[in-house]
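Protein chains in written order, with our numbering: chain G, 97 to 210; chain P, 97 to 210. Worksheet: one structure, shown below.
Number of protein chains: 2
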Amino acid sequence: MEKLSKELIGASTIPIILSILSKNESYGYEIIQSVKEISDGKIEYGDGTLYPVLHKLERKELIESYWKIGESGKKRKYYKLSPNGKKELISEKENWAIINQIISKLWKIEPNLT
Amino acid sequence: MEKLSKELIGASTIPIILSILSKNESYGYEIIQSVKEISDGKIEYGDGTLYPVLHKLERKELIESYWKIGESGKKRKYYKLSPNGKKELISEKENWAIINQIISKLWKIEPNLT
DNA sequence: TTTTTATACATCGAACTTCTATGTATATTT
DNA sequence: AAATATACATAGAAGTTCGATGTATAAAAA
């Protein structure tokens, strides 16, 4: 079982995070676990990777945060999708559909690879 | 008609270039036109964007180049896929399939976006 | 009891990318 | 003769991911 390329990770990070937050409010550490689980271990964000992305998304006002003490007793920074974030997610889905169309068009006419 | 996001452009550039070269040998300027056409104008590489990518792919020995004077009389640097490049393209296709699976899993269970 | 592991967040610097701008040069069209 | 299209190249700015490092607390293990 292989890991994904850095480029694809990069392209998918924001839509994946927004998508997760569109279902449930969550916090950094949990998001890392969720993505790992959903992707069967194929995407494992380092914390040093994810936190700056969350900060960026908050700066761009696509997500909002608030502190909360979890059942564990440790403080967590919860994030939720903002109205702008919902719009952004819709746009990301459209983009994804477009690129898939382009790529599948290219790959449908099979070259001689074998 | 909108343009694609920078991130998706980034993730798709290499698979698209390799895919085009797997069908026909081509040169930088023509590749830019091809991609523009295939994508209905949604992907327009600047020359300052594409050429460094081609150089990188050549450095990594995924493509090979040779100079040729075209019918136009201008010299062109033609590129073709190397054996490594063919393998890489296969790998890129697999990666793309994996990420699509992950994303569609996330998006199948529809959140309340509307 | 003490140590380790898991949880939880943050930031820095290295390495790499894309993009815009700029430069060179030739052929074709106006 | 000038403008446009063709064709390639590189440098610098801006942005990104990632590994390393740091802080702190709770739970589990030794």
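From the three backbone atoms N, C-alpha and C, an ideal C-beta is built for every residue, glycine too.
Less than 6 Å between C-beta atoms, sequence neighbours within five positions excluded: which residues of the same chain meet that for G:A193? none
Contact the region 196-203 of chain P vs the region 106-120 of chain G: 3+ CB pairs below 8 Å: yes
With distances taken between CB atoms, is the gap from P:K171 to P:W163 smaller than 8 Å? yes
Option in G:I134, G:Y123 and G:I116 with minimal Cα separation from P:I195: G:I134
Indicate the three-state DSSP secondary structure (helix, strand or coil) for P:E140 in the structure shown. coil
If we count the other Cβ atoms within 10 Å of its Cβ and call it buried at 16 or more, is P:I159 buried or exposed? buried
Measuring only between beta-carbons, confirm whether G:E103 sits less than 8 Å from chain P. yes
Excluding sequence positions up to five away, which residues of its chain have a Cβ less than 8 Å from the Cβ of G:Y125? D143 and R172
Where does G:P207 fall in DSSP's three states? Since pLDDT at G:P207 reaches only 47, below the 50 mark, its modelled position is unreliable, and the value read off the structure follows with that caveat. Note: G:P207 maps to coil in three-state DSSP.
Helix, strand or coil for G:L202, going by three-state DSSP, please let me know. helix
Excluding the 5 residues preceding and the 5 following G:T210 in the sequence, name in chain order all residues of the same chain whose CB lies nearer than 6 Å to its CB. For G:T210, the predicted structure reports a pLDDT of 44, less than 50, and the residue's modelled location is therefore unreliable. A value from the coordinates is still provided. Nothing listed; no residue qualifies.
Report the three-state DSSP secondary structure of P:K164 (helix, strand or coil). strand
Under 8 Å between C-beta atoms, does P:S122 make it to chain G? no
Report buried or exposed for P:S118, applying the criterion of at least 16 other Cβ atoms within 10 angstroms of its Cβ. buried
Under 8 Å, do P:I139 and P:S130 count as touching if we go by C-beta distance? no
Can you give the Cα-Cα distance for G:E184 and P:D136, rounded to whole angstroms? 23 Å
Would you say G:G106 and P:G106 are within 8 Å of each other, going by their C-beta atoms? yes
Give me, in chain order, the residues of the same chain whose beta-carbon lies closer than 6 Å to that of G:E188; leave out the 5 immediate sequence neighbours on both sides. P111
Please list the partners that P:A107 has in chain G, where partner means a Cβ-to-Cβ separation under 7 Å. E103, L104, G106 and A107
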